[in-house]
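Chemist: Just so we're aligned: 89 in the UniProt record's numbering is position 89 of the sequence shown, and the numbers increase by one with no gaps anywhere. Don't be surprised by glycine CBs; every beta carbon is placed ideally from N, CA and C.
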Amino acid sequence: MQAEQWIEYATTTVKCSDSESQKSVFKELNSWLKDRAYFVANRLTVADIIMFYNLYPLVAEFSFQEKELYINMTRWFSNVQQEQKVRQSLQNLIFLRTPVYDSIMVRAH
């Protein structure tokens, strides 16, 4: 897909999806990003920025399990949000890379 197609997808499909359709959208995006760092090229493009802004309010509500379920999409999202010029005043969302219960399991043994 080209940048223009991803921009249209972000503004029509991602932004306008109901909660049930969003799961399908997330699966599609997660699949697309499986072997890619960005949506169009090997660098940040306007398509990534527009997709980021359309996904931000949705990803901000993700549970830890959802972040793990859509691991490729959240990897991309985390990477894009590191660009201060992109994120601007938006809060940096946290994506844990270690299991939440590690310290509890260690103490139990």
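For Ala60, does the count of other Cβ atoms within 10 angstroms reach 16, so buried, or fall short, so exposed?
Modeler: Classification of Ala60: exposed, given that the 10 Å Cβ count is below 16.
Chemist: Ordered along the chain, which non-local residues of its own chain (more than five positions away) have a Cβ less than 8 Å from that of Arg107?
Modeler: Interpretation of Arg107 is limited by its pLDDT of 49, a score under 50 that renders its predicted location unreliable; the figure taken from the coordinates is listed afterwards. Once the five neighbours on either side are set aside, Arg107 has no close Cβ partner at all.
Chemist: Ends of the alpha helix (DSSP H) at Val86?
Modeler: Segment Gln84 to Arg87, the alpha helix (DSSP H) holding Val86.
Chemist: How should Phe64 be labelled, buried or exposed, when 16 other C-beta atoms within 10 angstroms of its C-beta is the threshold for buried?
Modeler: Counting Cβ neighbours within 10 Å, Phe64 comes out exposed, since fewer than 16 surround it.
Chemist: Which whole-angstrom value is the C-beta distance of Trp6 and Ala47, which I expect to be below 8 Å?
Modeler: Yes, they are in contact, since the Cβ atoms of Trp6 and Ala47 sit about 4 Å apart, within 8 Å.
Chemist: Where does Asn54 land, buried or exposed, given buried means 16+ other C-beta within 10 angstroms?
Modeler: With 16 or more other Cβ atoms within 10 Å, it is buried.
Chemist: Got a sec, what are the start and stop residues for the alpha helix (DSSP H) Glu66 sits in?
Modeler: Counting along the chain, the alpha helix (DSSP H) containing Glu66 begins and ends at Phe64 to Leu69.
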